[in-house]
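Peer 1: Protein chains in written order, with the working numbering: chain A, 29 to 296; chain B, 2 to 332; chain C, 17 to 266.
Handing you this structure, nothing more for now.
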Amino acid sequence: MPGPSQTRNPFTEHETPAVSVAIEGLSKSFGNRVVLDQVTFSVQPGEIFVLMGPSGSGKSVLLKHVIGLEQPSGGRVQVDQYDATAEETREKVRMAIVFQAGALFNSLTVYDNLALYLREHDLASEDGIREKVGRALQILSLEGAAEKYPSELSGGMKKRVAIARALVMEPQLLLYDEPTSELDPVMSATISEIIALLKNEYHVTTLVVSHDRDLALNIADRVGILMDGRLIFLGTPADLREPKDPRVAAFLYPQIDLQNPRYKQLET
Amino acid sequence: MNNAQQTIRVGLFFLLGLALTWVTYEALSGGGFFSKNKGYSIVAGFESLKELKEGDEVRMAGVKIGVVEKTRLAGRRAEAILRIGKDFSIPRDATASIIMAGIIGTNYVGIDLGSADAPPLAPGAEIRTKVTPDINAIMTELGNLGQRLEGALGAFGNSMNGDGKNPGLFQKLDRLVTENSTKVDTTLSNLQDITTKLNRGEGTLGKLINDPALHDELVATVGEIRSAATEAKSFVADAQGILAQVKSGKGPLGTLVYDETTASDLRATVTNLRQVSDKLAKGEGTLGKLINDDGLFNTAQSTLRKADRALDGLGDSGPLTAVGIVANSLF
Amino acid sequence: MKQILSVLEGVGSTWLLLLRAASYVGTLPRQRTRFFEQCYLIGYTTLPIVAILSFFIGSVLALQAGYSMQNFGAKQFIGSLVGLSMARELGPVMVAILLAGRVGSAITAELASMKVYQEVDALVTMNIPPARILVLPRLAAVLAMVPVLAIIADLVGWFGGAIVAKYVAFISIEPEAYFTALRRFMKFKDVMNGLIKAECFGFVVTLVCCNIGLNTRGGPREIGAAVTRAVVVSLILILVLDYFVTKVLM
Chain A
29 MPGPSQTRNP FTEHETPAVS VAIEGLSKSF GNRVVLDQVT FSVQPGEIFV
79 LMGPSGSGKS VLLKHVIGLE QPSGGRVQVD QYDATAEETR EKVRMAIVFQ
129 AGALFNSLTV YDNLALYLRE HDLASEDGIR EKVGRALQIL SLEGAAEKYP
179 SELSGGMKKR VAIARALVME PQLLLYDEPT SELDPVMSAT ISEIIALLKN
229 EYHVTTLVVS HDRDLALNIA DRVGILMDGR LIFLGTPADL REPKDPRVAA
279 FLYPQIDLQN PRYKQLET
Chain B
2 MNNAQQTIRV GLFFLLGLAL TWVTYEALSG GGFFSKNKGY SIVAGFESLK
52 ELKEGDEVRM AGVKIGVVEK TRLAGRRAEA ILRIGKDFSI PRDATASIIM
102 AGIIGTNYVG IDLGSADAPP LAPGAEIRTK VTPDINAIMT ELGNLGQRLE
152 GALGAFGNSM NGDGKNPGLF QKLDRLVTEN STKVDTTLSN LQDITTKLNR
202 GEGTLGKLIN DPALHDELVA TVGEIRSAAT EAKSFVADAQ GILAQVKSGK
252 GPLGTLVYDE TTASDLRATV TNLRQVSDKL AKGEGTLGKL INDDGLFNTA
302 QSTLRKADRA LDGLGDSGPL TAVGIVANSL F
Chain C
17 MKQILSVLEG VGSTWLLLLR AASYVGTLPR QRTRFFEQCY LIGYTTLPIV
67 AILSFFIGSV LALQAGYSMQ NFGAKQFIGS LVGLSMAREL GPVMVAILLA
117 GRVGSAITAE LASMKVYQEV DALVTMNIPP ARILVLPRLA AVLAMVPVLA
167 IIADLVGWFG GAIVAKYVAF ISIEPEAYFT ALRRFMKFKD VMNGLIKAEC
217 FGFVVTLVCC NIGLNTRGGP REIGAAVTRA VVVSLILILV LDYFVTKVLM
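In structure tokens, the structure reads:
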């Protein structure tokens, strides 16, 4: 049995260490708008960290910093011991991200979407690629969809294909951007199970950005809550069940009060 | 469509492009049987190649036999290398000249047939050449003629019309007739008598009209114009030169065309002339003869008409037409 | 000021994109499938419209020339006029404009939508540079295909002119005379000149369209705006470049 800090690669025999993510005083502003304000936390190797927060709180922007698609205005992001903004980090650490909308290549079939990374980096022969892609599709129960184009898939299938595509990269760090948004509750639960399963099976470090409470409470090792660019909560799912901070409580367990709706409260 | 099919189409398409480029290259680089590897070249030296350029035709008695392969300066002369088709041989005594096929710059090298029994020119040999007058030389001559014509017209105008200080012939005649119209009538009969009497009295007629000098001058002027016109037969005029000057309003001819006062002067002169001749019509005597007799008036008028037409032509047609009209009216 | 900055940014990012794409030239043999696919889209499928347009441009040139020249007897030069205009100017410029409208807009739309739907981000996170697999094959395909399109445009235009010269009553010049005139005043250099121009235009149009597509920001609405901008910038660049390239090639 591999230790918890080892990512057991599902596709090759060798094992690669899971990586940690350290975010220190990260700030980001677009023009005058401050999106992230002095955010500091870290993700331990091989854990599932769920970052929650209302829409527009800067969660997805934070995720883009981790994978190096955005440059921080202040502070820094480290993946393992590398700076996330440096281009060579992507060569040293295998990171994969599952985008909110999937970001599948629309001009390629599902099979080619999954095979692209391996082909471009010449990581396997066509036979090897077929085997690896087949296994990834199998893990996510997508065998029948291999020859379909992304436009022919349902929302849930797109997400699973996106996860499969990330998996083929044999990532040490796997990021999910809103993996359960726009899905029905059953499909959301399925995706949550897949995320947990992948982590348990392969011990990949996982950072999930979501506002799905069930996902956070059920699969997270630790949870952070981001509100207006600041981290207002950092703890375990157990801490979340009875939150002390009223803002956290209001976010996680909102009351639906028809006598006193929120839009009226805002006016006063 | 599968990839292989797509690749094949792209490949064929690319080959088509290459083939078309090659065909175009062949067609435009001397082309076909006159291309570089065929035929032989000869050298033709000229004082000036004028408008000749590479790619122009070489014709023998009007038949295309080759192209101008290259033009170059060689010391104090210009040389054209002529690429001749291998089926054609040129007698050694044939002569090449640069011939203008159109007025705007199509030239070819014309080679005459030479004599039948002369040996053919060897490849690389030099062919005899001769100079033919080209459009520029003709234009220059035309320009010189134009200047003469201007001078003549100016002198003619002065003598007829006066130069400002001295009244001209017409003014004098006019005044003579108006002031003495009553006397003229009465003296006419006398005059007739006198004329018959003095008919043999050589020279008195001129004195009677009181200015023999002017008369001489007039005749001389007309003679000058005529000689200019005769001279013109050996030349062709430089229409461009005239045109430039005329258009910029320079020179007497230009003034004639563009200056209103000169034009009206000319018109007045002609009117005067007509009045005189009308008034003297009844006279049918010596005064009439002065104007009509030795063709002076006719000559003057026809010259004026010709000039007039030339000027009209210059005024509202292109340069080429103007050259034609000037030439026509002169010859 | 803001506009000037954005123009400078555009120029700079275009050059960077070119350099990036150039640095991956070595990967081209491995990308031949993509290269052929782009060749097919850029060259083969653009051929019909190029042929139709150049035919009519050649015809109209001959018609206009015949109409204007009949008054002073220079009709025999129609062939030279059509030949030179097509080869040196209209052929290349028209191919470039068609390329901007038909291929450039498609490139921008595709890349902009890839950018907007995060496909480009996905490529970046996979450590596959977009310049390598999205830009380079297109640039290479354009370089290979544009001369072919341009030479076809030239020839079709010439023949269009020849047909008009023969069959329009007030011109009535036999094809032999037409092509003799065409050949008399033309050298292959003129055609070559046109091909080089077309090559420059095609390359710049493709590069600019790629760059504008890849720099699209915002939502799907921006895709349309990016396409419009790409085509406008391409057309301006074609005509501005036209002057300078012509000057340099003289």
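Even for Gly, the Cβ is constructed at its ideal location relative to N, Cα and C.
Using DSSP's beta-bridge definition, name the partner residues of Asp240 of chain A.
Peer 2: Paired residue(s): none; Asp240 of chain A is not in a bridge.
Peer 1: Compare the C-beta of Asn108 of chain B with all C-beta atoms of chain C and state if any pair is closer than 8 angstroms.
Peer 2: It does not; no Cβ of chain C falls within 8 angstroms.
Peer 1: What does a CB cutoff of less than 7 angstroms around Val237 of chain B pick up in its chain, not counting 5 residues either side in sequence?
Peer 2: Interpretation of Val237 of chain B is limited by its pLDDT of 45, a score under 50 that renders its predicted location unreliable; the figure taken from the coordinates is listed afterwards. Here the set comprises Ile139, Glu142, Leu143 and Ala328.
Peer 1: Note down the Cα distance separating Ala181 of chain C from Glu190 of chain C, rounded to an integer number of angstroms.
Peer 2: Between Ala181 of chain C and Glu190 of chain C, the C-alpha separation is close to 7 angstroms.
Peer 1: Roughly how many whole angstroms lie between the Cα atoms of Thr62 of chain C and Asp170 of chain C?
Peer 2: If you take the alpha carbons of Thr62 of chain C and Asp170 of chain C, they lie about 15 angstroms apart.
Peer 1: Under 8 angstroms between C-beta atoms, does Ile239 of chain C make it to chain A?
Peer 2: With 8 angstroms as the cut-off, Ile239 of chain C does not count as an interface residue toward chain A.
Peer 1: In the DSSP assignment, what residue or residues form a beta bridge with Ile205 of chain A?
Peer 2: It should be pointed out that residue 205 of chain A corresponds to Asp in this sequence rather than to Ile. Its beta-bridge partners are A:Val237.
Peer 1: Count the CB pairs spanning the stretch 124-133 of chain A and the stretch 117-127 of chain C that are closer than 8 angstroms, and state whether there are at least three.
Peer 2: Touching, no, given that fewer than three Cβ pairs across the two stretches are closer than 8 angstroms.
Peer 1: May I ask you to report which of helix, strand or coil DSSP gives Ile247 of chain A?
Peer 2: Residue state, collapsed to three classes: helix.
Peer 1: Nearest to Met297 of chain A by CA position, among A:Leu286, A:Glu75, A:Gly103 and A:Asp150, is which residue?
Peer 2: Residue 297 of chain A is absent from the structure shown; chain A starts at 29 and stops at 296.
Peer 1: For a contact defined as C-beta to C-beta under 7 angstroms, what are the partners of Ala138 of chain C on chain A?
Peer 2: Here the neighbours are Phe127 and Ala131.
Peer 1: Between Leu16 of chain B and Val237 of chain A, what straight-line distance do the alpha-carbon atoms span, to the nearest angstrom?
Peer 2: Distance between the alpha carbons of Leu16 of chain B and Val237 of chain A is about 54 angstroms.
Peer 1: Nearest CA to the CA of Val94 of chain A: which residue from A:Ala114, A:Gly84, A:Ser83 and A:Ile76?
Peer 2: Taking only the C-alpha atoms, the option nearest Val94 of chain A is A:Ala114.
Peer 1: Do Ile167 of chain C and Thr96 of chain B have their C-beta atoms within less than 8 angstroms of each other?
Peer 2: No, Cβ-Cβ distance for Ile167 of chain C and Thr96 of chain B is not below 8 angstroms.
Peer 1: Can you name, in chain order, every residue of its own chain whose Cβ lies under 7 angstroms from the Cβ of Arg241 of chain A, other than the five neighbours on each side?
Peer 2: Excluding residues within five positions, the ones whose Cβ falls inside 7 angstroms are Leu280.
Peer 1: Please identify, using Cβ separations under 7 angstroms, the residues of the stretch 191-218 of chain C that lie next to chain B, in order along the chain.
Peer 2: The residues in question are Arg199, Arg200, Met202, Lys203, Phe204 and Val207.
Peer 1: Please list the residues of the stretch 18-30 of chain B that have a C-beta atom closer than 7 angstroms to any C-beta atom in chain C, keeping them in chain order.
Peer 2: Answer set for the stretch 18-30 of chain B: Gly18, Leu21, Thr22, Thr25, Tyr26, Ala28, Leu29 and Ser30.
Peer 1: Take Leu225 of chain A and list the residues in its own chain whose beta-carbon comes closer than 7 angstroms to its own, dropping the five residues that flank it on each side.
Peer 2: Excluding positions up to five away in sequence, the list is empty.
Peer 1: Using the three-state DSSP reduction, which class does Leu181 of chain A fall into: helix, strand or coil?
Peer 2: Coil.
Peer 1: Throw me the rounded Cβ distance for the Val207 of chain C and Leu21 of chain B pair, which I believe falls under 8 angstroms.
Peer 2: Between Leu21 of chain B and Val207 of chain C the Cβ distance is about 10 angstroms, and since that is not below 8 angstroms, they are no contact.
Peer 1: May I ask you to list the residues that DSSP assigns as paired with Pro121 of chain B?
Peer 2: In DSSP, Pro121 of chain B forms a bridge with B:Pro92.
Peer 1: Between which two residues does the beta strand (DSSP E) harbouring Thr68 of chain A extend?
Peer 2: Start and end: Arg61 to Val71.
Peer 1: What are the residues in the stretch 243-274 of chain A lying within 9 angstroms of chain C by C-beta distance?
Peer 2: Those residues of the stretch 243-274 of chain A that come within reach of chain C (Cβ to Cβ, closer than 9 angstroms) do not exist; the list is empty.
Peer 1: Taking Cβ-Cβ distances below 7 angstroms as the criterion, which residues of the stretch 32-64 of chain C are in contact with chain B?
Peer 2: The stretch 32-64 of chain C vs chain B, Cβ under 7 angstroms: Thr49, Phe52, Glu53, Cys55, Tyr56, Gly59 and Tyr60.
Peer 1: Give the DSSP-derived three-state secondary structure of Met197 of chain A in the structure shown.
Peer 2: In this structure, Met197 of chain A counts as coil in the three-state DSSP scheme.
Peer 1: Is any beta-carbon of chain B found at less than 8 angstroms from that of Ala178 of chain C?
Peer 2: Judged by the 8 angstroms Cβ criterion, Ala178 of chain C is not in contact with chain B.
Peer 1: Where do the ends of the beta strand (DSSP E) carrying Ile43 of chain B lie?
Peer 2: Its beta strand (DSSP E) spans residues Tyr41 to Phe47.
Peer 1: Any residues in the stretch 103-125 of chain A with a beta carbon nearer than 8 angstroms to a beta carbon of chain C? Which ones, in chain order?
Peer 2: Per Cβ criterion, the list reads Arg118, Glu119, Met123, Ala124 and Ile125.
Peer 1: With distances taken Cα to Cα, identify the nearest neighbour of Asn267 of chain A among A:Asp249, A:Asp212, A:Leu142 and A:Ser85.
Peer 2: Checking the displayed sequence, the identity of residue 267 of chain A turns out to be Asp instead of Asn. For the residues A:Asp249, A:Asp212, A:Leu142 and A:Ser85, the minimum Cα distance to Asp267 of chain A belongs to A:Asp249.
Peer 1: Since I believe Trp174 of chain C is in contact with Met102 of chain C (beta carbons under 8 angstroms), could you give me their beta-carbon distance rounded to a whole number of angstroms?
Peer 2: That pair is a contact at about 6 angstroms.
Peer 1: Roughly how many angstroms separate the alpha carbons of Asp88 of chain B and Val64 of chain B, rounded to a whole number?
Peer 2: Computed Cα separation, rounded: 13 angstroms.
Peer 1: Determine the direct distance from the alpha carbon of Leu198 of chain C to that of Gly8 of chain C, and round the result to whole angstroms.
Peer 2: There is simply no residue 8 of chain C to check, as chain C begins at 17 and stops at 266 in what is shown.
Peer 1: Have a look at C:Pro64, C:Leu21, C:Leu152 and C:Ala214 and flag the residue whose alpha-carbon is nearest the alpha-carbon of Ala14 of chain B.
Peer 2: A small fix is needed here, since residue 14 of chain B is Phe in this sequence, not Ala. Closest option to Phe14 of chain B, Cα to Cα, is C:Pro64.
Peer 1: Per DSSP, which residues does Lys392 of chain B bridge with? Please list them.
Peer 2: The question about residue 392 of chain B has no answer here: the residues shown for chain B are numbered 2 through 332.
Peer 1: With the cut-off set at 8 angstroms, would you say Thr234 of chain A and Ile222 of chain A are in Cβ contact?
Peer 2: Going by C-beta atoms, Thr234 of chain A is not nearer than 8 angstroms to Ile222 of chain A.
Peer 1: What does a CB cutoff of less than 7 angstroms around Gly202 of chain B pick up in its chain, not counting 5 residues either side in sequence?
Peer 2: Here the model assigns Gly202 of chain B a pLDDT of 46, short of 50, so the residue's position is not dependable and the matter cannot be decided.
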